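Here's the structure we're looking at; comments come further down.
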Amino acid sequence: KESQKENNAPEGRADFLRLLALNVAVRGEISQLSKLLVAVGSGVDHGLWLQTAIVLGLAEGLPRCQNSAIPKSLSALIQNSPEELKTLIPAIERIVQNASDVAMNRSLGDADRMAAMNLMTHLPPEQLTKAIEALLTPGESSACQKSAVEAIRRSGRVDLAELLLTRWDVLNPHARSSALDLLLVRKETTRQLLALMSSGTVPSSVISIDQRLILLKHPDEAIRTACITLFGGTVSANRREVADQYAKALDLPGDVQRGAAVFQKTCSKCHRIGTVGSNVGPDISDTRARARDALLYDILDPNRRVDPQYTEYVIVTKDGQLLNGLLIAETAESLTLRQPEGREVSLSRSDVEEFKSTSKSLMPEGIERDVTVEQMADVLAFLKQGLKSP
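Quick note: the sequence shown uses this note's numbering, first residue 43, plus one each step.
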């Protein structure tokens, strides 16, 4: 058996296997599919993550399979597989059926459990609900809770999204961030969330700048009105005036460690410095070479100059979802957005009611609402110096 370190399986290895299986499923060659299914059956010694990653890749690739003899979904493949694959199918069926049990088993490593959660949307509705309820409980690891939220997202079930509102107090910070993004996609859950904020049950401070600005421009009037009450309306359109007010940050002595904390809270969803954050927006690795005043103005006035590839797009779906992000792929049939934290969402054009560019940066204006002049000096110190090695 592999070492425990290997059994914990870095996410990159699981993702590689998933993509490999996806490509094999799309090609639909029986000989390659057979080898893949053999790997599922014999992969137990390498950890459940390996088997689950392969099955997940099959599930994602089968709808686009180029071989007309291969069923176009995982459930169809299990029920009606080609004769050459029949003896190998039970291994896949077993992995899918055991997904909820593996996900809820805290004696297993997070890698195996999180991999199983990726398959839970293929379970019967009642079984999925039971698993999600068990995962949104006190004492659950942050990584597993976040994966449970992503399973809710993939399921598309509004009732499971609403469950997050009743379990808010037991969600870990990373899970709360993912939960917020999911709740703000639909009008129904957005209204419920804002009502909890108005009553003080959920603090309004958990809403980030980018989320706040989207809500303040929401197509639903009731949501816009509630947000104005909670957040005080739109930000100042006079960005030069704001920049002048924050110019004093250029002369203040900033603290790198405090700046790192502000960066992680406010900027890391879309920018990365060292090991902190996600590469969604423009590369900012050259910040040490740039002048402090140039950095300050870019932060306070992100729309002063916008690279076309980092222009924000907004999609409204026919079932009422509101999504924003960078357009990274577009075909005659689909649209793909990259959102904060590096998430990617693909939509069929037939499901899209409205699709438009805001002609603005994905980075929002209004950071002055959450970051003081003194904190801005700290952020500039962090961007200019970076964290020193201990």
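Don't be surprised by glycine CBs; every beta carbon is placed ideally from N, CA and C.
Computed from a predicted structure; not experimentally measured.
Between the segment 154 to 174 and the segment 326 to 333, the count of Cβ pairs shorter than 8 Å is below three; the stretches do not touch. Excluding its 5 nearest sequence neighbours in each direction, D252 has C-beta neighbours in its own chain below 6 Å: P406, listed in chain order. For T353, the uninterrupted beta strand (DSSP E) segment begins and ends at T353 to T359.
Bounds of the beta strand (DSSP E) holding R380 are S376 to R380. In this structure, the CA atom of D412 is about 12 Å from the CA atom of L342.
Cβ-Cβ distances below 7 Å link C186 to D152, R155, M156 and L177 in the same chain, with the five nearest sequence neighbours on each side left out; the list follows chain order. In the three-state DSSP reduction, L364 falls in the strand class (E or B). Judged by DSSP in its simplified three-state form, K114 adopts coil rather than helix or strand. Fewer than three beta-carbon pairs drawn from the segment 374 to 389 and the segment 411 to 426 are found closer than 8 Å, and the two stretches are therefore not classed as touching. Counting only runs of 3+ residues, no beta strand (DSSP E) is found wholly inside the segment 54 to 131. Per DSSP, T243 lies in no alpha helix (DSSP H) and is assigned neither H nor E.
It is roughly 14 Å from the alpha-carbon of L365 to the alpha-carbon of L258. In the displayed model, E396 falls within a strand according to three-state DSSP.
Residue state for K259 is assigned as coil, using DSSP reduced to three classes. The criterion of a C-beta distance shorter than 8 Å is not satisfied by N122 and G70.
Under the three-state reduction of DSSP output, A279 falls in the coil class, being neither helix nor strand. Taking a C-beta distance under 8 Å as the contact criterion, V356 and K398 qualify as a contact pair.
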